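Colleague: Attaching a single structure in structure tokens format; questions to follow.
Residue numbers (my numbering): 163 to 965.
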């Protein structure tokens, strides 16, 4: 290593040294926020930032720079410290306010007088008929007026969309095509009418049905408003004296246009050139392009659709003054009685038109029914647009439910069930494996199995007190029962776990027994001495009786709730059971919210053939629907009409997570014009808030300070500038040994049982480049105990495995 290399990592005066000390002190305070990793250091760079940050908390660690280091090394240390602060945070569960439903700018939500759209219901169950009051933008009550031909009509009509039974259901399913994700869907079934669009005429529209020509004279060129669009009738057909077909045209602009009088629409110029003698075609020129268009037809001109509704030929000796009724931006629609709707020359499959007439020549109603060719699955956030007229949509915004979480987790010889009690405190009931008897029980330690007796007698394999009359029997004295846990359930259904913290057989009043108890669930605090017997422990007054002559402690009035029921924070009802090689939890939904009187679910932990505790869902009490959450997933979801979800790891059988709603879940489903927008809405329940764990002041150290420390260290700078780095390298004769220009290393060392991580390069720039890599470790493949960093420039850095 030449003198110039050494000089790049040496300060030149004491003033700069003082500046470095000040900058190091600031490093601990001027830092940022971010995410966390967990687990023990395994001498592998892939585990970084462990062991320096574990479980979101800074450990017993320091960042070391050389007292004679270049300021660039200090910059590298600051980058690393900032990134470590970004890893130092914890997640705190926070109960949020209740769930709120989204709203829509136009249209209407499918609900009726407080009757929400719950699971296992269809649109028909909530509301069958949507009309002017619900969707005035597209289903406005209107009037049909015409005075053409031999009949004059001026009649009111109503428009409605009627949803049919046995379709449009809300339930959990797995889409049978595409993504195949199990979850909540609105399912529109094929083969069954989904909706019927109805034009209900108040009275009737009268027309001359004596011939097709006379019927045309009454109908053609009249207009009618359908689903917010103006349609002009271009032709009608009869069958046996009744309407068989109505051909219409809708356009953004409809007007009569005289020959050679150009009309400008947007960027287009439209001119009528001529009309044929039979008045069946109109010659139209758009932007210089001329096309003959049949009456009742449309043609496209460079993206502009032009239709001809009617044509009048005025041909004289002196001049022609032909006139055509033109629809610009037009769309042809054909309503064919007993057949499909035709739009733009294409049949809308599985739509059916029905004309209703009181007698021939009097039309009273038009119906258009539709169902899809294949089942349609609408997931939350998805929209279905009506394919017939294309003017309304069905939008499944989301599912509203305010939930809590319960979990059952098991390992080979232990497990736990966690839930929030009615007061919002987390309760954990632990599960143990009785190795000696191949059975499972409630409790934190299998040493208690055999000491806990229930009213049914010994051998029930409990390791904690659950019910009135249960007792603990000590080997040599009642004081052996110190440490036993017991569950207390108040008359208000509140559950808490307590520990019998201490027992004194003779220290109480009159030399009688006394005890101390610890509130594990709520406060974690231990009480003062209390005489045995009736004791007010918070949620209830219990009776704990110590009998020195029988070496027993017996518990009464620990479960005061009706039918031994416990209620959770969202009012689910729990009951715990033990039976041989398993323990189980019955979860009953709030029966006031359901149609099925409160469905009961059951989960349990059971010893398998290898004496390992496994988690299971009882098939007979697993809800209404179930499915693998996605293809090849390890997880199966079970769901109920109430909206409870159980997510079960069927591959490892060690994890069940239950999401339980406070009230019956419902879908937020809207029928609306296409322009409508959904906004708002949120789910209640528990969210995780990031809690910043600030790095302590003083984590930055000079090498002279760190030499005698037994701490994990991040060492910035090489042996020429940092004495700790030199120690790690074995104090080589040349401090440049092992370094090359343009390169740096990030390497793990064991330093007297602690971890040292070296970040060093040939030059100060190379060290800074390696510091950037460590600070942005997610962007690089760091693994093993060493990587090589190639620093072409501070904006061109690459990482390779150390050779």
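Glycine is no exception: its CB is placed at the ideal position from the N, C-alpha and C atoms. Given the structure is predicted, the values throughout are model-derived calculations rather than measurements.
Taking the alpha-carbon positions, what's the residue 390 to residue 302 distance?
Modeller: 7 angstroms
Colleague: So, helix, strand or coil for residue 697, using DSSP?
Modeller: Three-state DSSP puts residue 697 in a strand.
Colleague: Residues bridged to residue 966 by DSSP?
Modeller: The structure shown has nothing for residue 966, since the chain only spans 163 to 965.
Colleague: Cutting at 8 angstroms between CB atoms, please list the residues of its own chain near residue 866, excluding the five before and the five after it.
Modeller: Excluding positions up to five away in sequence, the list reads 229 and 885.
Colleague: Have a look at residue 566 and residue 772 and give me their C-alpha separation to the nearest angstrom.
Modeller: Taken atom to atom, the span from the alpha-carbon of residue 566 to that of residue 772 is near 33 angstroms.
Colleague: Would you please state the rounded distance, in angstroms, between the beta carbons of residue 787 and residue 801? I believe it to be under 8 angstroms.
Modeller: 5 angstroms
Colleague: Give the list of continuous beta strand (DSSP E) stretches no shorter than 3 residues that lie fully inside the segment 672-724.
Modeller: 676-681, 695-698, 703-709 and 714-718
Colleague: Measure from the alpha carbon of residue 446 to the alpha carbon of each residue in 439, 428, 424 and 440, then state which is nearest.
Modeller: Looking at the Cα atoms, 424 is the closest of the given residues.
Colleague: When you compare the segment 376-387 with the segment 433-444, are there three or more beta-carbon pairs, one atom per stretch, that lie closer than 8 angstroms?
Modeller: no
Colleague: Between residue 667 and residue 625, how many whole angstroms is the CB-CB distance? I'm expecting something under 8 angstroms.
Modeller: Wrong, their Cβ atoms sit about 23 angstroms apart, outside the cutoff.
Colleague: Return the Cβ separation of residue 917 and residue 879 in integer angstroms, given the expectation that the two are a contact with Cβ distance under 8 angstroms.
Modeller: Not quite, the Cβ-Cβ distance comes to about 18 angstroms (not below 8 angstroms), so this is no contact.
Colleague: Can you give the beta carbon distance from residue 734 to residue 751, rounded, assuming they're within the 8 angstroms contact cut?
Modeller: Indeed they touch by this definition, with Cβ atoms about 7 angstroms apart.
Colleague: On the criterion of 16 or more Cβ atoms from any shown chain inside 10 Å, does residue 743 qualify as buried, or is it exposed?
Modeller: buried
Colleague: Going by beta carbon distance, what residues of the same chain come within less than 7 angstroms of residue 779, once the five residues before and after it are set aside?
Modeller: 765, 800, 808, 810 and 818
Colleague: In the structure shown, what three-state DSSP assignment does residue 804 receive?
Modeller: Residue 804 falls in the coil class under three-state DSSP.
Colleague: For residue 696, which residues in the same chain have their Cβ closer than 6 angstroms to its Cβ, ignoring the five residues on either side in sequence?
Modeller: For residue 696, same chain residues with a beta-carbon under 6 angstroms away, outside a window of 5 residues either side, are 703 and 705 in chain order.
Colleague: Quick check on residue 636: does DSSP put it in helix, strand or coil?
Modeller: coil
Colleague: Please list the segments of the alpha helix (DSSP H) lying wholly inside the segment 885-922, counting only runs of 4 or more residues, in order along the chain.
Modeller: 885-890
Colleague: Confirm the yes/no value for this check: CB of residue 303, any heavy atom of the ligand ZN, distance under 7 angstroms.
Modeller: As presented, the structure is devoid of all ligands, the ligand ZN included, so that no description of it is given.
Colleague: In whole angstroms, what is the alpha-carbon distance linking residue 187 and residue 241?
Modeller: Summary for residue 187: the model assigns pLDDT 37, below 50, so the residue's position carries little reliability; its value from the coordinates is reported in the next sentence. So the alpha carbons of these two residues sit roughly 14 angstroms apart.
Colleague: How is residue 508 classed by DSSP in three states: helix, strand or coil?
Modeller: strand
Colleague: Output the distance between the C-alpha atoms of residue 373 and residue 403, rounded to the nearest integer angstrom.
Modeller: 8 angstroms
Colleague: Please list the terminal residues of the continuous alpha helix (DSSP H) segment that includes residue 931.
Modeller: 926-937
Colleague: Taking all protein chains shown into account, do 16 or more other C-beta atoms lie within 10 angstroms of the C-beta of residue 907, making it buried, or fewer, making it exposed?
Modeller: buried
Colleague: Between 513, 650, 813 and 692, which lies nearest to residue 632 when the distance is taken from Cα to Cα?
Modeller: 650
Colleague: Between the segment 469-481 and the segment 452-459, do three or more beta carbon pairs fall short of 8 angstroms?
Modeller: Remark: three or more beta-carbon pairs, one from each stretch, lie closer than 8 angstroms, so the segment 469-481 and the segment 452-459 are flagged as touching.
Colleague: Between the Cα of residue 694 and the Cα atoms of 675, 685 and 593, which residue gives the shortest distance?
Modeller: Among 675, 685 and 593, the Cα nearest to that of residue 694 is on 675.
Colleague: Looking at the structure shown, is residue 265 part of a helix, part of a strand, or coil, going by DSSP?
Modeller: strand
Colleague: Cutting at 7 angstroms between CB atoms, please list the residues of its own chain near residue 300, excluding the five before and the five after it.
Modeller: 389, 390, 553, 554 and 835
Colleague: Under 7 angstroms Cβ to Cβ from residue 837, same chain only, skipping five residues before and after it: list those, please.
Modeller: Non-local C-beta neighbours of residue 837 in its own chain, meaning closer than 7 angstroms and more than five positions away in sequence, comprise 268, ordered along the chain.
Colleague: The beta strand (DSSP E) spanning residue 331 covers which residue range?
Modeller: 331-336
Colleague: Compare the C-alpha of residue 579 against each of 889, 611, 587 and 593 and name the closest.
Modeller: 593
Colleague: What's the C-alpha gap between residue 739 and residue 747?
Modeller: In a straight line, the C-alpha of residue 739 is about 6 angstroms away from that of residue 747.
Colleague: Express the C-alpha separation of residue 400 and residue 410 in angstroms, rounding to a whole number.
Modeller: 15 angstroms
Colleague: What three-state label does DSSP hand residue 241 in the structure shown?
Modeller: helix
Colleague: Would you list the residues sitting across from residue 823 in a DSSP beta bridge?
Modeller: According to DSSP, residue 823 shares a beta bridge with 565.
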